[in-house]
Amino acid sequence: MAKVQKKELLIKISPSILFYVFLFFAAIWFFEKIRNILFISFVAYIISVGLNKPICKIQDKFHWKRSVSSIFVYFIFITIVGIFLAIIVPPLAREFSVMLSTFKLPPEIDRMLDTFELNLQDVSRLTSQWGGSLSTAISVISSTFSGALTVIMTLVISLYISIEKGQVVRDFSWLTQDKKKIKQFEEATKEINVQLGNWIRGEFILMIIVGALVFIATALIGLPYSLPLALLAGLMEIIPNIGPTVSAIPAIFIALITLGWPGAIITLALYIIIQQLENNLIVPRIMQRSVNVSGLTVILGILIGGTIFGVAGALLAVPAIIVFRTVFETWIKYKPEGGLI
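Structure follows, in structure tokens:
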């Protein structure tokens, strides 16, 4: 019987490979720890880009310092947002209160729920018990305080970014004396500011127009809660392709409950008409200076952003795509032949 020769496979792992593996997992751990800080900083950067143009105009017109112009514009911005919330929140709260107090399912859906033996009174009782607990009250207060603190910190960081415009480029020049890399960094930063600024201004105008169209259309057919539906439609415009479709769902559901099947069909038709006007007339005119992002890229960005940062990450998917794409295009432009960096 022939002897079977055993061969031993020896795998050598160099210390450098172990170091890079350790570095990779350390980077993941570090990113997880500072994830919220990165998110707040990115939102602050977007706000600073959106307010950069009025700051520059104020600075040029009145010959003020950059810091004074920034503080003035942020004060006006916060004042306008506060007035808007003071005007919109009370009627919005009243409409939601009326909607909850008069909520009644249509007979078809009510019978369907009865087949599943769903007792709405039990659900209501459990909800009231849960809502009245001390732990829930503490949780709500804590969440409110945390949210307010996050908003304040975001605005403060954004203000500092606006005031110290150009300081980032100067700081980068301290890290390297390579003029080519400094020029590459300056070009990428400038292009990101231009594209993000165009996108922010375009989205803002688009949200106002679509919200107004939805409000007028729903009010004309007598659909209740036109204001909340219009506000939802406007806000959902920040998510291309998916947002308009999502905003139509509650409107159709409310129309089904209050106006019946004919009203639901009319509401669906109105939203389709508004979306067609948006895609073929409004978006090409308003967003022509902004970047064009494919639908597939947007969906993948929303999924990735939603997975990492939740709903807020999904909302910020498009500006994140703009930043990454601009950085990649600049890197390709300056990449040496046959090199990676």
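Numbering (the working numbering), first residue to last: 476 to 816. Glycine residues also receive a C-beta, built at the ideal position from the N, C-alpha and C atoms.
Are the beta-carbon atoms of residue i and residue j separated by less than 8 Å?
| i | j | result |
| --- | --- | --- |
| residue 776 | residue 796 | yes |
| residue 789 | residue 773 | no |
| residue 696 | residue 742 | yes |
| residue 526 | residue 550 | no |
| residue 554 | residue 663 | no |
| residue 621 | residue 519 | no |
| residue 681 | residue 758 | yes |
| residue 749 | residue 688 | yes |
| residue 514 | residue 784 | yes |
| residue 678 | residue 717 | no |
| residue 640 | residue 541 | yes |
| residue 798 | residue 667 | yes |
In this structure, how does DSSP classify residue i when only helix, strand and coil are distinguished?
| i | result |
| --- | --- |
| residue 565 | helix |
| residue 755 | helix |
| residue 715 | coil |
| residue 490 | helix |
| residue 570 | helix |
| residue 662 | helix |
| residue 639 | coil |
| residue 700 | coil |
| residue 525 | helix |
| residue 535 | helix |
| residue 819 | Residue 819 falls outside the range modelled here, since the chain spans only 476 to 816, and no answer is possible. |
| residue 785 | coil |
| residue 656 | helix |
| residue 791 | coil |
| residue 540 | coil |
| residue 769 | coil |
| residue 734 | coil |
| residue 683 | helix |
| residue 601 | Its pLDDT being 44, under 50, residue 601 is placed unreliably by the model, and nothing is read from it. |
| residue 595 | A caution first: residue 595 carries a pLDDT of 47, below 50, which makes its placement in the model unreliable, though a value can still be read off. The answer is helix: DSSP assigns residue 595 an H, G or I state. |
| residue 720 | helix |
Since residue i and residue j are thought to touch, with beta carbons under 8 Å apart, how far apart are those beta carbons, to the nearest angstrom?
| i | j | result |
| --- | --- | --- |
| residue 637 | residue 516 | So it is not a contact: roughly 13 Å between Cβ atoms. |
| residue 548 | residue 530 | 5 Å |
| residue 730 | residue 723 | Going by Cβ atoms, the distance from residue 730 to residue 723 rounds to 10 Å, so no, they are not a contact pair. |
| residue 699 | residue 733 | 5 Å |
| residue 809 | residue 655 | 7 Å |
| residue 675 | residue 533 | With a Cβ gap of about 18 Å, residue 675 and residue 533 do not count as contacting. |
| residue 726 | residue 693 | 7 Å |
| residue 805 | residue 659 | 6 Å |
Legend entry - the segment 652-671 touching the segment 695-714, judged by at least three CB pairs closer than 8 Å: no
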